[in-house]
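Same order as they appear, the protein sequences are chains A and B.
Under the numbering used here, the letters of the first sequence match residues 1 to 245, in that order.
Under the numbering used here, the letters of the second sequence match residues 1001 to 1271, in that order.
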Amino acid sequence: MSREPLLEVRHLSCDYGPSGGLLGRRSPRRVIRDVSFTLCQGEILGLVGESGCGKTTLSRAIVGMLPGYEGEIIHHSRRPQMVFQDPFSSLNPARTIGWTLAEPLRAAGVRDRAAREARVAELLERVGLEAACAGRRPWELSGGQRQRVSIAAAVIARPRLVVADEPVSALDVTIQAQILRLLVDLRREYDLSYLFISHDLNVVYQLCNRVLVMRHGQIVEENTVEELFAHPRHPYTRQLLEAAE
Amino acid sequence: MRQQPKGNAFFYLGGAITLVMTLLILVGLVWTPYSPSAMDPAAMTCPPSPAHLLGTDNFGRDIFSRVLEGAGTSFLIAVGVVAIGCAAGTLIGALCGYFGGLPDLVLTRVCDAITAFPSFLLALVIVSVMGKGASNVVLALGILFIPSFARVVRGEFARCRDLNYIRSARLMGVGNVRILFCHILPNTRSVLLPALTIGFNNAILSEASMSYLGIGVQPTQPSLGSMLSDSQTYLGSAPWYALGVGGTMVLMILGFSLLSEGLQQRSRRSG
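Structure, rendered in structure tokens:
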């Protein structure tokens, strides 16, 4: 797979922890150490590792939510969008689903209200929800439905790259499979690439083309999904695979 | 699922009292049974009767008409005070809570300082510098009411700032102003509504105390506080005067307090 790179991360290091305040200026913890990788157009790149290994910090740095880091993050596309783990905090409770979905379009400068509504209805249908959902509020939807809405909101403005931080781990197994199916279908239709963060190797095996294994803020192994699962090289990868059996 | 709250007695009773009082006050702004300042030598210190619902005062002025007008004055002042306090407080609280940093630290301390200072003394200072009169009372109290709104709004904005739905709004490229007022502000409704009603009550009371002490509205313009102060002299000969004025104030505040409590229960239930 020698396609054009969409995202390049070079020697990225991030600190995390108390960075401000007048009191208690402790030295921050280094949670990402010298991470480099490339994500190519059309790829689903998995990022696995135990909790606290820096996966989420890395994802935040990539989408630009982390103000301070060392190294380079080069995007070869418009700003990436993100799907969060918790479907309960990722939608504005005071707004209807339709309003939330139309917001990226408004931000992108789509002035025509009818055009926005048509696009919202189209996306809702595409992610498997009724068009009538546009008038509902987040609390009226189930976790799986909310995650579908979050995914719709992430892709509605046609980004090239979507960073998904544990998008299915808060859902039960049957819903997980449906959401993963949806992500695969959307990738094909909208020509998307994913950086898919998970601690669940089974999910990564089903979905990803290539996998990065992260431990203590460093990438310890990088390989295609078949190679990684067949011949894990790093002891930590073996350990993860054994735990997932 | 949100359920329609049933049997929220506070909400409905408070709402009913507030509604009736507001209607009476609105009517009183354009029409009163008698002219509030018309003296009638034939009917001085009359007890309540069908002709004079709350009786007359020592000059033969109809107390009901005067209460309507006075309550109207107090009501408008309270609305003005809450409008200033809420608008400025929300703006300051929103900016402090959302952006944080040094301006937040400074403004929060300023608000604390205003709160720590006896509010009455401060109002006295402002009024003695700028002069008496309804508009200056509104301004003085309005400034004093800013911190209470700023504090609750700041807390909500600081809480929402790092929630995922605000983060994704930023990722979508939504501007800060739009995030502040279209994304976060609607979520502060559950704290802002009770703050508004409590603020309104405090404004009515503060205005009444200031007018009672003679640093509020001018005596020619009846307000509940100045009338209460007047009625004190005639407590023996015309007790209905003080009762009518005091009762009106109690009803206004009771109605709003119940409404506020009911609103809080509603927002608790709907989560």
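Glycine included, C-beta positions come from ideal geometry on N, C-alpha and C.
- Of B:1182, B:1140 and B:1227, the smallest CA-CA separation from residue 1244 of chain B is found for B:1227.
- Under the three-state reduction of DSSP, residue 14 of chain A is assigned to strand.
- Distance from the CA atom of residue 1170 of chain B to the CA atom of residue 1091 of chain B, rounded to whole angstroms, is 20 angstroms.
- Cβ proximity to chain A below 7 angstroms picks out 1163, 1164, 1165, 1167, 1168, 1169, 1171, 1172, 1173 and 1174 from the region 1145-1179 of chain B.
- Among the residues of the region 42-67 of chain A, those with a Cβ less than 7 angstroms away from any Cβ of chain B are 63 and 65, in the order of the chain.
- Straight across, the Cα-Cα distance linking residue 1010 of chain B with residue 1201 of chain B is about 16 angstroms.
- At a cut-off of 8 angstroms between C-beta atoms, residue 77 of chain A does not count as an interface residue with respect to chain B.
- Per the coordinates, the alpha-carbon of residue 1015 of chain B lies some 54 angstroms from the alpha-carbon of residue 189 of chain A.
- Collapsing the DSSP output to three states places residue 142 of chain A in coil.
- Taking 8 angstroms as the upper bound for CB-CB distance, residue 236 of chain A and residue 213 of chain A are in contact here, some 7 angstroms apart.
- In this structure, residue 149 of chain A sits near residue 91 of chain A, with a CB-CB distance shorter than 8 angstroms.
- Residue 1236 of chain B sits away from residue 1208 of chain B, with the two beta carbons spaced by 8 angstroms or more.
- When only Cα atoms are considered, residue 29 of chain A and residue 55 of chain A end up about 15 angstroms apart.
- Spanning the alpha carbons of residue 1206 of chain B and residue 134 of chain A requires a straight line of approximately 46 angstroms.
- Residue 39 of chain A and residue 1186 of chain B have their alpha carbons spaced roughly 38 angstroms apart.
- Linking residue 117 of chain A to residue 102 of chain A through their CA atoms gives a straight-line distance of about 7 angstroms.
- Judged by DSSP in its simplified three-state form, residue 1062 of chain B adopts strand.
- Less than 8 angstroms separates the beta-carbon of residue 9 of chain A from that of residue 73 of chain A.
- At a Cβ-Cβ threshold of 8 angstroms, residue 1029 of chain B and residue 1072 of chain B count as neighbours.
- Of the candidates B:1047, B:1214, B:1132 and B:1119, B:1119 places its Cα closest to the Cα of residue 1203 of chain B.
- Taking residue 1032 of chain B as the centre and dropping the five residues before and after it, the same chain places the C-beta of 1065, 1068 and 1069 closer than 7 angstroms to its C-beta, in chain order.
- Shortest Cα-Cα distance from residue 1198 of chain B to any of B:1025, B:1082, B:1008 and B:1061 involves B:1082.
- Using a CB distance below 8 angstroms, the part of the region 86-101 of chain A facing chain B consists of 86, 89, 90, 91, 92, 93, 94, 95 and 100, ordered along the chain.
- Annotation: the continuous beta strand (DSSP E) that includes residue 46 of chain A extends over 44-48.
- Fewer than three pairs of CB atoms, one per stretch, sit closer than 8 angstroms, so the region 59-71 of chain A makes no contact with the region 1129-1137 of chain B.
- For residue 164 of chain A, the enclosing beta strand (DSSP E) stretches over residues 161-165.
- Spanning the alpha carbons of residue 1189 of chain B and residue 37 of chain A requires a straight line of approximately 45 angstroms.
- Taking C-beta atoms as the reference points, residue 231 of chain A and residue 221 of chain A fail to come closer than 8 angstroms.
- With fewer than 16 other beta carbons inside 10 angstroms of its own, residue 139 of chain A counts as exposed.
- Interface with chain B (8 angstroms Cβ-Cβ cutoff): residue 196 of chain A is excluded.
- Residue 1192 of chain B and residue 1247 of chain B have their C-alpha atoms some 28 angstroms from each other.
- In the structure shown, the three-state DSSP call for residue 40 of chain A is strand.
- Of all residues in the region 138-167 of chain A, those with a C-beta nearer than 8 angstroms to a C-beta of chain B are 139, 140, 150, 153, 154 and 157, reading in chain order.
- For residue 107 of chain A, the closest Cβ of chain B is nearer than 8 angstroms.
- Contacts with chain B (Cβ-Cβ distance below 7 angstroms) from the region 223-235 of chain A involve no residue at all.
- Here DSSP, grouped into helix, strand and coil, assigns residue 195 of chain A to strand.
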